[in-house]
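Here the structure comes first, spelled out in structure tokens, and everything after it is commentary.
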Amino acid sequence: MIAAATGAGTIPGVPTDPWHYVPHTEVWFIVAVSATAYWYALTRIGPRVAGKGETIATKKQVWCFVGGLFALYVASSWPIHDWAEDYLFSVHMVEHLLITLVAPPLLLLGVPPWLTRWILRPKWAAGTVRVLARPLVAGVLFNVMIAVSHAPFWVDATLYHHFWHFWAHLLLFTVSMFMWFPVVNTVAEFPTMNRPLKMIYLFLMSVIPNVPAAFLAFANGVLYTYYAHVPRPFGISAVSDQQLAGAIMKVGGTFLIWSIIVVVFFRWYAEQAARDASSRRRPAVAPVSVRTVQLSVDQADVDHEVPAGPATDDPDVLTWEHVAGELAKTPPARPGT
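Using this note's numbering, the first residue of the sequence shown is number 655, and each one after it goes up by one.
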């Protein structure tokens, strides 16, 4: 299962058996602290901070946060973390997808609006988010970080020095949180977008990273010297592993982002359909022109000026007095006529 490594030797400290279990207690600690802080916020802080009638947290929000923590745990624990650092760059790419495209949106979706306001209540925190989470700024930072994190100098430096690898992943995760923030945020005072802009924004986030993906998929030689000097599990060569990583980045990353675009589109379509149906149910109101209004006013004035009554001196109006007078002038009929 383990093929001989190419190059002048293997990296010191890399086990020859990829199935050797390595516990990562620091990951357990981070996940446990995050879960405990979330539970404390919902059960202790929420009842005091949330607005009257505001839901502390829905089941969907809780499950999203749990799913985000689970994605971080899977990416940072055995076997994915160990295979990514010691054997296969393709697994390293899976680790990056979990850190950038899976965990951040789930964690942000799991944070209720009141908790977002509470976390960002310090002026420096709110100011940082208002600047770095703007779609243009966040999109540029994300794509620059994606490009740099796949550069040979960066990858080799972080793999040869595991201390820097942790901070590199933390930086990648933080930038990804800023990138996803305007997509999932519902708090009006912080950056957000309408649904059509979200679709355009996410489409760009899926297209630009294809550049380093193509760079990996079509390279003829080994780009990262580190992976040229480690054991090769399953007999896969360093070049094939590198090409597989490019395919995972392109296909996997595009699939994840486009799936979210589809969800956003159908929600936007449902909103438009509901709005159109509501407008059709409203009673039609005939338009009133200025001429109609003026005629109505004039008629009201006429009705007000002509009093209702039986008597009038107008000769063109036939009244009962006229009829009685004409009858009095008519002589009675002669007998026998």
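Quick reminder that beta carbons are idealized off the backbone N, C-alpha and C, glycines included.
Owing to the predicted nature of the structure, the values given are computational and were not obtained by experimental measurement.
Could you give the DSSP three-state label for residue i: helix, strand or coil?
{"i": "R929", "result": "helix"}
{"i": "P850", "result": "helix"}
{"i": "P776", "result": "coil"}
{"i": "L949", "result": "Caution is warranted here: a pLDDT of 49 is assigned to L949, below 50, making its placement in the model unreliable, and the coordinate value is therefore given only provisionally. Helix at L949."}
{"i": "R771", "result": "helix"}
{"i": "R886", "result": "strand"}
{"i": "V802", "result": "helix"}
{"i": "S610", "result": "What the structure shows of the chain is the stretch from 655 to 991, and residue 610 is not part of that stretch, so it cannot be assessed."}
{"i": "W912", "result": "helix"}
{"i": "I665", "result": "coil"}
{"i": "K714", "result": "helix"}
{"i": "I734", "result": "helix"}
{"i": "P672", "result": "coil"}
{"i": "E739", "result": "helix"}
{"i": "P677", "result": "coil"}
{"i": "I753", "result": "helix"}
{"i": "T879", "result": "coil"}
{"i": "G764", "result": "coil"}
{"i": "K904", "result": "helix"}
{"i": "G707", "result": "coil"}
{"i": "N874", "result": "coil"}
{"i": "L858", "result": "helix"}
{"i": "R788", "result": "coil"}
Apply the 10 Å Cβ neighbour rule to residue i and answer buried if 16 or more other Cβ atoms are within range, or exposed otherwise.
{"i": "F872", "result": "exposed"}
{"i": "S830", "result": "buried"}
{"i": "E708", "result": "exposed"}
{"i": "K904", "result": "buried"}
{"i": "I854", "result": "exposed"}
{"i": "F643", "result": "With the chain covering 655 to 991 only, the question about residue 643 has no answer from this structure."}
{"i": "Q715", "result": "buried"}
{"i": "H674", "result": "exposed"}
{"i": "T840", "result": "exposed"}
{"i": "W737", "result": "buried"}
{"i": "F796", "result": "buried"}
{"i": "T812", "result": "buried"}
{"i": "Y727", "result": "buried"}
{"i": "V809", "result": "buried"}
{"i": "A695", "result": "buried"}
{"i": "K713", "result": "exposed"}
Quick one: Cα of residue i to Cα of residue j, how far?
{"i": "M747", "j": "I915", "result": "22 Å"}
{"i": "T697", "j": "A691", "result": "10 Å"}
{"i": "H958", "j": "N848", "result": "Any answer about H958 is weak, because its pLDDT of 49 lies below 50 and its placement is not dependable; what the coordinates show is given next. Distance between the alpha carbons of H958 and N848 is about 55 Å."}
{"i": "K777", "j": "A787", "result": "15 Å"}
{"i": "A965", "j": "R929", "result": "Residue confidence is low: A965 scores 49 on pLDDT, short of 50, so the model does not pin down where it sits. Its coordinate-derived value is still stated next. Taking the straight line from one Cα to the other gives about 60 Å."}
{"i": "W682", "j": "F820", "result": "15 Å"}
{"i": "A822", "j": "A901", "result": "22 Å"}
{"i": "Y881", "j": "I684", "result": "29 Å"}
{"i": "E739", "j": "Y878", "result": "12 Å"}
{"i": "S688", "j": "A931", "result": "44 Å"}
{"i": "V668", "j": "V720", "result": "32 Å"}
{"i": "V703", "j": "W693", "result": "15 Å"}
{"i": "G889", "j": "G781", "result": "51 Å"}
{"i": "A899", "j": "T754", "result": "15 Å"}
{"i": "V802", "j": "A842", "result": "33 Å"}
{"i": "Y814", "j": "E680", "result": "20 Å"}
{"i": "S913", "j": "F807", "result": "33 Å"}
{"i": "V649", "j": "I911", "result": "Any question about residue 649 goes unanswered here, given that the chain covers just 655 to 991."}
{"i": "P845", "j": "V785", "result": "9 Å"}
{"i": "K706", "j": "F919", "result": "32 Å"}
{"i": "T670", "j": "V765", "result": "42 Å"}
Does the beta-carbon distance from residue i to residue j come in below 7 Å?
{"i": "M799", "j": "L760", "result": "no"}
{"i": "H804", "j": "P866", "result": "yes"}
{"i": "I744", "j": "H678", "result": "Position check: residue 744 holds Ser in this sequence, whereas Ile was assumed. Not a contact, by the Cβ cut-off of 7 Å."}
{"i": "V884", "j": "Y741", "result": "yes"}
{"i": "L774", "j": "V783", "result": "yes"}
{"i": "Q896", "j": "L870", "result": "yes"}
{"i": "W834", "j": "P758", "result": "yes"}
{"i": "A779", "j": "V756", "result": "no"}
{"i": "P672", "j": "P887", "result": "yes"}
{"i": "F832", "j": "A792", "result": "yes"}
{"i": "L763", "j": "V837", "result": "no"}
{"i": "L751", "j": "G907", "result": "yes"}
Comparing the CB of residue i with every heavy atom of the ligand HEM, is any distance shorter than 6 Å?
{"i": "A695", "result": "With respect to the ligand HEM, the structure offers nothing, as it holds no ligand at all."}
| field | Those runs of the alpha helix (DSSP H) which lie wholly inside the region 790-840 and span at least 4 residues | value | 806-814 and 816-838
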